[in-house]
Structures are given as structure tokens and as C-alpha cells.
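Each remark here refers to the structure printed beneath this line.
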Amino acid sequence: MSHRDLSDLELRALAFVDERELVRDLVNLIAIPSVSGSDAESDVQHVLAKQLTELDLDTDLWSLDLPRLTSDPAFPGWEATRSEAWGLVASSGEGEPELVLQGHVDVVPSGDLGQWRTDPFTATVDGRDVRGRGTCDMKAGVVANLAAVRAIRSSGIQLSKPYAVQLVVGEEDGGLGAFATLDRGHRGKACIITEPTSGTITTANAGALTFELRVPGVASHGSTSYAGVSALEKFLPLHAALAALEERRNRDVHPLMAEYPVAYPLSIGKVSCGDWASSVPDLLVAEGRYGVALGEDPAAARTELEEAIADAAAADPWLRDHAPTVAWTGGQFASGEYAQADRALYDLVAAAHADVTQGPRPRERGAPYGSDLRLYAGAGMPTLHYGPGDVRLAHGPEEAVPVDELVAVTESLVLALLRTCR
């Protein structure tokens, strides 16, 4: 990749970004099946801690105090309970880091293996793409963070101001790792989270609340179904009310979210109903995900959904006297937004990307999913997303990341570090 108008020092550091090394490291990282809550989620932190220590960074690898963290009123919730979890932060020197490179190491389960071309945890190189679970969400971003630091260290360039790499668990199910990292006192003056952004810069993200809806019925023999009350049938008007709620909440959205067909989705991801084919089901349990608008108080969002369910139940003679219940379970992501009054970090990343790609500055947008951005921004750190890959491929059987994007992001991070910490 050719670079124009870069300083000799920048060109020297970029010369140590090795595409083959990047692909090798990503393939090796994918082979650790670090699904949220699994033993491998802890294993991968120890593997990465070794790599960070080899870069001669001051490494803090610690066992999270789960009972204390989960009992904190501010705990963001989780869906995969854990008996252990590890935090990992590596710093280049003493003092508050000028710049933090952050990434999460956990991935979602692989799902139906029949939909995958190959073993999801055996990464394959397909042309100019690397395929496998976690390639874009977000082990490519983790690899880019480490590779950017490695390039600067290998070049022999001494940076006078400190920086840090923060690698966290539990992002996929609430933000345990980021919450624990901030709780431990690790901070920074600015933070880049290398989530997949497809050549754009994400400066805001919507929230997402996990909920459980329980709908009662009355069991009877299927041959006399008229003697019972089907919880499945009683769920239908509630489902329609949720669809109407989603439509109302997406009529007028923040400009950063305007490109999405649905900026704040409300979806049912899991339904359990009945226990026998020839019995009328007496209980339906639906679990879903509820989008929170930018700047919206999650408590207000919860109230709106609860009221929508209550209003729909009041219109049904059975549900009026046998009210469905809503519980807020699992991850509870508030929305998050970059501090718009301070554009320095955005300008830094945008300029670095344009210099590396020899193209225009990347456009700014929001993201419709929850992330650690809101925890870092809430702690007073200007934070944005910039990383390799297309989030539309995340969590699916075609998850992949372009090698060219992985290289470009790594080079942009090298420039960001140099320009911030010299």
C-alpha cells in the first residue's frame, strides 16, 4: 500500500505492519472458541496477556470479583453466568494513557453448524477474506490493536506519552469486562474501540434491553381445547402490540441513525410454549431484545414497553384478569454517544484513515446495537468505534473480514498512536 504526505517517522512505523502476520494472528485467535461465559473466554485472556507482555508492556491480568461486581447497582447485566472471568490491560508507561485501544475477546455461539461452510472455529482464508466465528466481531479488531502496538515497538520509535490496550470479556452479553476494567480504575483521555465499522466511524450507539414476557393460559386436553386457554393464542395480540410499539418508536430518529430501516429494533428471539403436543399450553415465555434510542433513559424505555403490554392485555377479557408479566433480564445496554463538544478524537481517526487509504475522510454514523462505548463515554472518556469488518456479517454463518480492511485499520491505529503519544 502506497502512502503519500506521511512523515519519515510514520513511514518507518508503517513498514512494520505485516499483512501475513496479521492474518496468521487472526487465524490463531479464531481457533480459541471464546464464547461468552465459556472456559475459553478466560483462556484467550491468558494467551493475549502473554503476547502483550512480550511487547514489553506493563500488563495487568486479574481475576474479576464476580460477586462484588454483579451486586453493584450499576452492573450492566449478563446472560451467560460465569464462575470466573479475567480482566486484561497493558500500558506503555505510568500516568493516564493518552489513548486507549479497546476490544472484546468474547464471541457469540456458532449456531446451526449446518449453515457454515467450514468449522466456525477453524478460520479459512477465502480470497482476500478471512472467515470464521469472531472474525469481524471482533477478533480482527483485537488483532489490529496488538499489531499497531507491535509495529511501533518493532520500529524502535519511543513514544513520550503513555497509551494502553484494554481487552475485555462479556461484551456480547452486557459489558462485564468493560465495567470491571473501569471499576479497577483503568481510564484514558480517549478511547478507540475497534468494533467493525466498514470504513466509517461510529460515534454513537443505540441501547438494547433484554426482556422476558410470560403469558398465562389454562391447560386442557387438545381434544377439548375450548375448555382451556391457549397461552400461545393470548401471546398474539401482545406480539402485535410490540410490533406497533416498534413502529411508533422509529418514526422520528436521531440523524446519526437515519440510514437504518429500523434504528431501534424490537425483536423476539426465543419463545417457549407448552409441554405436550396434545395439551393446550398454559404458559408461554418469550424473550426479546428492545432497542433504546440515543439519549433515552432506559427506565423510560422500560416503562413504555410495560405500558404497551398492559394496554394490550386490558383489551382482552382473559388477559385483563390474568395479566402477563414483563421482567428485565440479561444484558441492559443504555445508549452511548461520543462527546460532540470534543471533536479531537474523531478528527484524529478520520485523518489517519484518509492518509492511509489515500481517500476521503470516513463518514460519521451511529450504530443500532449496544456496545462498551456507552460505559467508556459514561466514565467521561471520548470514545468511538473504528475497526475492520461489516457488522451485518456478525453473529451469522458468513462472518468474515476483508484482509485489506484489517491492514488499513491497523495502519490507521499506528498513525493515531504516533500522532497522539509522541
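Quick note: to get this note's numbering, add 6 to the position in the sequence shown (first position is 1).
Idealized CB from N, CA, C, for every residue including glycine.
Task: Range of the contiguous beta strand (DSSP E) that encloses E293 - done: L289 to V298
Open item on the list: Along the chain, where does the beta strand (DSSP E) containing L390 start, and where does it finish?
Closed with: T389 to H391
TODO: Please list, in chain order, all residues of the same chain as T187 whose beta carbon is under 7 angstroms from its beta carbon, the five residues on each side excluded.
DONE: G93, V95, Q172 and V174
Open item on the list: Give me the DSSP bridge partner(s) of I199.
Closed with: Q108 and H391
- [ ] Compare the Cα-Cα distances from A283 to each of G228, A91 and L32 and report the closest residue.
- [x] G228
Open item on the list: Quick check on L75: does DSSP put it in helix, strand or coil?
Closed with: helix
Task: Of the listed residues L419, P408 and R425, nearest to G140 (C-alpha basis) - done: P408
TODO: Could you check what DSSP says for I315 in three-state terms: helix, strand or coil?
DONE: helix
TODO: Could you tell me the distance, in whole angstroms, from the CA atom of L423 to the CA atom of L105?
DONE: 7 angstroms
- [ ] Could you please give the first and the last residue of the uninterrupted alpha helix (DSSP H) stretch that includes S278?
- [x] Here S278 belongs to no alpha helix (DSSP H); instead the beta strand (DSSP E) covers L272 to C279.
Task: Length of the line joining the Cα atoms of A383 and H391 - done: 12 angstroms
TODO: Using 10 angstroms around the beta-carbon of P261, count the other beta-carbons present and answer buried if the total reaches 16, otherwise exposed.
DONE: exposed
- [ ] Give, in chain order, every unbroken run of the alpha helix (DSSP H) that is at least 4 residues long and sits entirely within the region 33-80.
- [x] 45-60 and 72-77
Open item on the list: Looking only at its chain, what residues have a beta carbon closer than 6 angstroms to the beta carbon of V221, apart from the 5 residues adjacent to it on each side?
Closed with: A237, K240, F241, L290 and P330
Open item on the list: What residue range does the beta strand (DSSP E) around Y169 cover?
Closed with: Y169 to V174
Open item on the list: Do V114 and V148 count as a contact pair if the criterion is CB distance below 8 angstroms?
Closed with: no
- [ ] Assuming G297 and I274 form a contact by the criterion Cβ under 8 angstroms, report the distance between their Cβ atoms to the nearest whole angstrom.
- [x] Not really, about 13 angstroms apart at Cβ, beyond 8 angstroms.
Open item on the list: On the CB-based measure, 16 or more other CB atoms within 10 Å of its CB, does L15 come out buried or exposed?
Closed with: exposed
Task: Reduced DSSP category for R371 - H, G, I as helix; E, B as strand; rest coil - done: strand
Open item on the list: Let me confirm a value: N34 is counted as buried when at least 16 other C-beta atoms fall within 10 Å, else exposed. Which label applies?
Closed with: exposed
Open item on the list: Please classify G138 as buried or exposed, where buried requires at least 16 neighbouring CB atoms within 10 angstroms.
Closed with: buried
Task: Residue range of the unbroken alpha helix (DSSP H) whose run includes S160 - done: A146 to S161
TODO: Give me whichever residues DSSP pairs with Q338 in a beta bridge.
DONE: L215
- [ ] Give the straight-line distance between the Cα atoms of C142 and A250, rounded to the nearest whole angstrom.
- [x] 33 angstroms
Task: Chain-order list of residues whose beta-carbon lies under 8 angstroms from that of A37 (same chain, five-residue window excluded) - done: F127, T128 and A129
TODO: Measure the Cβ-Cβ separation of D179 and G337 and say whether it is below 8 angstroms.
DONE: yes
Task: Endpoints, beta strand (DSSP E) assigned at W324 - done: Where W324 is concerned, there is no enclosing beta strand (DSSP E), although the alpha helix (DSSP H) it sits in stretches over P323 to D327.
Open item on the list: According to DSSP, simplified to helix, strand and coil, what is G120?
Closed with: helix
- [ ] Take the Cβ of A350 as the centre, count every other Cβ of all protein chains shown within 10 Å, and call the residue buried at 16 or more, exposed below.
- [x] exposed
TODO: Go to D132, then tell me how far its beta strand (DSSP E) extends in each direction, as first and last residue.
DONE: T130 to D132
Task: Identity of the residues DSSP links to S98 by a beta bridge - done: In the DSSP output, where bridge partners are listed per residue, S98 has none listed.
Open item on the list: Using a 10 Å radius around the Cβ and a threshold of 16 neighbouring Cβ atoms, would you call M7 buried or exposed?
Closed with: Residue placement at M7 is flagged as unreliable, the pLDDT there being 48, under the threshold of 50; a coordinate-derived value is accordingly withheld.
Task: Terminal residues of the alpha helix (DSSP H) in which A350 lies - done: A350 to T363
Task: Same chain only: Cβ atoms within 6 angstroms of E370, ignoring 5 sequence neighbours per side - done: I207 and T209
- [ ] Could you spell out where the beta strand (DSSP E) holding P103 opens and where it closes?
- [x] Taken as a continuous stretch (DSSP letters only), P103 belongs to no beta strand (DSSP E), as it is neither H nor E.
- [ ] Please say whether D189 and L67 have beta carbons closer to each other than 8 angstroms?
- [x] no
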